[in-house]
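A quick write-up on the structure given underneath.
Numbering (my numbering), first residue to last: 5 to 144.
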């Protein structure tokens with residue numbers, strides 16, 4: 005199911021996304037909640053999952069046109085934004101050339117994939133990512 009609620013302070017979308025993977029994945033449940041906290045200029049992403057059996061590492065992927073700089077428990081995107089996450093996740097970055105000339109005016113010559121990896125996931129768990137603005141740029 006999908007749930008949405010909003011008020012002057014926040015907007016939140018929650019959905020069950022486990023059917024995006026086939027049954028062989030061993031995934032029983034995956035609920036993602038995205039929450040915009042307007043005054044703080046923060047987006048929170050919370051994933052709660054349950055596995056039927058132990059599995060290979062769980063990897064969360066995010067795409068950005070801004071060169072990410074990974075650190076312990078965070079990734080910075082220049083002086084504009086920071087992504088914070090549980091330190092059990094390890095961050096890696098892949099640079100991906102944009103070869104479609106229709107996309108380069110929008111995205112530029114390259115994109116970056118930020119991979120957050122839990123090498124030994126529990127059968128049930130939760131991840132929380134917090135994306136926050138570091139400057140007032142873009143605030144309304």
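Ideal Cβ positions, reconstructed from N, Cα and C, are used throughout, including at glycine.
Sorting 19, 52, 13 by C-alpha distance to the C-alpha of residue 127 places 52 at the top.
Around the beta carbon of residue 69, fewer than 16 other beta carbons lie within 10 angstroms, which makes this residue exposed. Closest in C-alpha terms to residue 132, from the list 19, 18, 37, comes 37. In the three-state reduction of the DSSP assignment, residue 74 falls in the strand class. With the rule of 3 Cβ pairs closer than 8 Å, the region 59–75 counts as touching the region 110–130. Annotated as distal: residue 102 and residue 74, with beta-carbon spacing of 7 Å or more. The DSSP-derived three-state label of residue 59 is coil.
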